[in-house]
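Report on one structure; see the data block that follows.
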Amino acid sequence: MDNRPIGVFDSGLGGLTAVRQLRQVLPGEDIVYFGDTGRVPYGSRGRETIIQYARQDIGFLLSRDVKFIVAACGTVSSTYPPAESSHLPVPFTGVVGATARCAAAATRNGRIGVIGTQATIRSGSYQAVLRQLVPGVQLFAKACPLFVPLVENGYVNDGNPVTKLVIADYLTELRGTGIDTLILGCTHYPLLQKMIGEFMGPDVTLIDPGKSTANALDDALSALELKSSRTEGGSVQFYVSDSTEGFAEQEALFLGKYGGGPVEQISIEQYNWPPVDGGPNKQGKTNG
71 MDNRPIGVFD
81 SGLGGLTAVR
91 QLRQVLPGED
101 IVYFGDTGRV
111 PYGSRGRETI
121 IQYARQDIGF
131 LLSRDVKFIV
141 AACGTVSSTY
151 PPAESSHLPV
161 PFTGVVGATA
171 RCAAAATRNG
181 RIGVIGTQAT
191 IRSGSYQAVL
201 RQLVPGVQLF
211 AKACPLFVPL
221 VENGYVNDGN
231 PVTKLVIADY
241 LTELRGTGID
251 TLILGCTHYP
261 LLQKMIGEFM
271 GPDVTLIDPG
281 KSTANALDDA
291 LSALELKSSR
301 TEGGSVQFYV
311 SDSTEGFAEQ
321 EALFLGKYGG
331 GPVEQISIEQ
341 YNWPPVDGGP
351 NKQGKTNG
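In this text, residue positions in the sequence shown follow the working numbering: the first is 71, and each later residue adds one.
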């Protein structure tokens, strides 16, 4: 048993869809969430910038004494090197592996679509895993860079005409490929799931990365004997890199009944992993 919190981070607030799923699956766990709202989106950045941002996000979560880190961000999950994550002092997971496994189990005709940020699609991460899981799989990938800012700015109400136009522009070609499974390869995208589902039609199964990752994390915590001694009553602490103004409204949108908890703005640039020159983190500890 381990009552330390789980650390979750994302480029903005989209990762709260993963937190929502974690609250459902693991109600006794405490969670520390960091949303890099001052630098969102990550998906249009270069690879080295994404990796540097991930190192800072991870450094912050480690300063909060977390027991497990979840990159609830398709862009980071597709870009952050496994060679680095394997050397972190706590277990680490992204969203790609669990989400790809769910898609592999769901497909009936072996035709799978993947939508994500430009960086996620460019990396080919989902495609690489799916080719191992589904022999002969046919993959159709599409970058949808406007989905993240639409979600971050609240354009998620059912039937929003602007969002529907963007969905149609991005997904019309994909709809004609005959896919029966579509990976929502960014944790922001489940906020658009209803509209995407209506556009793609009832024969296409949508795969939610937050839900897939929450279920996989449940199994991982059990295997590593890291589960909390509690079965309910877990809490969430929220941190962002931009103003906290308006966070409550966004929190309600992303988390619904699973919202609630303090939110604090931090200066993310002061963190890093490994710490630069073995410097102290915010808690006054020295790592390295």
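The C-beta atom is built at its ideal place from N, Cα and C for all residues, glycine as well.
Exercise. Would you mind reading off the limits of the beta strand (DSSP E) that contains residue 209?
Key: 208–213
Quiz item: Would residue 256 pass as a contact of residue 149 if the rule is Cβ separation under 7 Å?
Solution: no
Quiz item: Looking only at C-alpha atoms, which of 211, 221, 303 and 272 sits nearest to residue 189?
Solution: A check of alpha carbon separations from residue 189 across 211, 221, 303 and 272 identifies 211 as the nearest.
Self-check item: Expected contact under 8 Å - CB spacing of residue 258 and residue 84 to nearest Å
Solution: 3 Å
Exercise. Measuring alpha carbon to alpha carbon, tell me which of 181, 147, 162 and 116 ends up nearest residue 294.
Key: If we check each option's Cα against that of residue 294, 162 comes out closest.
Self-check item: residue 221 versus residue 340 - alpha carbon distance
Solution: Rounded to the nearest angstrom, the two C-alpha atoms are 28 Å apart.
Quiz prompt | Residue of 99, 125, 234 and 91 minimising C-alpha distance to residue 299 | solution = 99
Practice problem: Could you round the C-beta distance between residue 228 and residue 265 to whole angstroms and report it? I think they count as a contact, below 8 Å. | Solution: 7 Å
Exercise. Taking residue 289 as part of the alpha helix (DSSP H), name the residues at either end of that continuous run.
Key: 279–293
Quiz item: Can you list, in chain order, the residues of its chain whose CB lies under 8 Å from that of residue 73, leaving out five sequence neighbours each side?
Solution: 100, 298, 299 and 300
Exercise. Since I believe residue 138 is in contact with residue 76 (beta carbons under 8 Å), could you give me their beta-carbon distance rounded to a whole number of angstroms?
Key: 5 Å
Practice problem: Work out the CA separation of residue 201 and residue 112 for me, nearest whole Å. | Solution: So the alpha carbons of these two residues sit roughly 26 Å apart.
Quiz item: When the Cα atoms are used, what is the spatial distance from residue 302 to residue 93?
Solution: 9 Å
Quiz item: Helix, strand or coil: how does DSSP classify residue 103 here?
Solution: strand
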